[in-house]
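Undergrad: Sharing a structure here in structure tokens format.
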Amino acid sequence: MASNTYATAAVAQQVGISKQKINYYISVLEKNGYKVKRNARSHREYSDRDIEIIKALILLNKNRGVKLNEAAQLLTSPGFEVETVTNDWQPTETLTPRVVDQGKYNELANSMEILVTHVAGIEQQNTQLLELIQAQRKQNELLMEQNETLKNELGNMMSYLIEKANEPVSLSTRQLDRVEQQNNAIMNTLNRINFRQHEQQITEYEEQKKEKEKGLFSFLKK
């Protein structure tokens, strides 16, 4: 009785994975010496045994943590019984749905809520930072305007001072003459006051001298 043969698409449907993965798994097996029959157009024709080998490769890799290359070496070694592995096979499409652990679900929900709150806090901080940057930018613009105003005022002041420095000397001369006249008037007044004080001192001295001489004559007459 001739055995059944299957195309890649039919094998993928039986195993419950894509055709690309079937081709990948069989290529790993072929690199380790496994042979799959090919037709006249060089297309692979899988037997029931080939399908069992592919299932065993997936189970060793997924369920038992064996690396693909090591699993392929094990399956192609002489005397290895594939049935010891494939008895646990369950097609991917008919796997029993996992019962959701309510505790893990609540923990995940709490983690998501914390994450959302954290992201919202970061967004708020970013908004505040942008507002601070904008306020700082406005303050910098205001300082630049004030600096420009001060610069213009300083320029005007320098122009005024240069203009004053270039005025005719006659104005300064008139001011100096006025000050000199005031000084002369003050000196003349002081001289008059000193002269009067000097005359008074001389008069007082002459009077005191006369009194002394008068007293001396009186003493001699006695």
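Residues in the sequence shown are numbered consecutively from 1, following full-length UniProt numbering.
Where is the CB? At the ideal position from N, CA and C, for every residue including glycine.
1. Report the residue from Ser47, Val82, Ser42 whose alpha carbon sits nearest the alpha carbon of Leu59.
2. Which of the three DSSP states, helix, strand or coil, is assigned to Arg41?
3. Considering only C-alpha positions, which residue in the set Tyr46, Gly16, Asn39 is nearest to Ile26?
4. Going by the CB atoms, is the gap between Leu57 and Ala71 shorter than 8 Å?
5. Which full runs of the alpha helix (DSSP H) of 4+ residues lie inside the stretch 128–154, going along the chain?
6. Tell whether a beta-carbon distance below 8 Å holds between Ile51 and Val85.
7. Residue 278 and Ile54: beta carbons closer than 8 Å?
8. Per DSSP, which one or two residues make a beta bridge with Tyr25?
9. To the nearest angstrom, how far is it from the Cα of Gln124 to the Cα of Leu132?
10. Are the beta-carbon atoms belonging to Thr8 and Lys21 less than 8 Å from one another?
11. Under a three-way DSSP split, which group does Tyr34 fall into?
12. Nearest-angstrom Cα distance between Ile114 and Val28?
TA: Concretely, from the data shown:
1. Val82
2. coil
3. Tyr46
4. yes
5. none
6. no
7. Nothing about residue 278 can be reported from this structure: the residues present for the chain run from 1 to 222 only.
8. Partner(s): none; Tyr25 has no beta bridge.
9. 12 Å
10. no
11. coil
12. 44 Å
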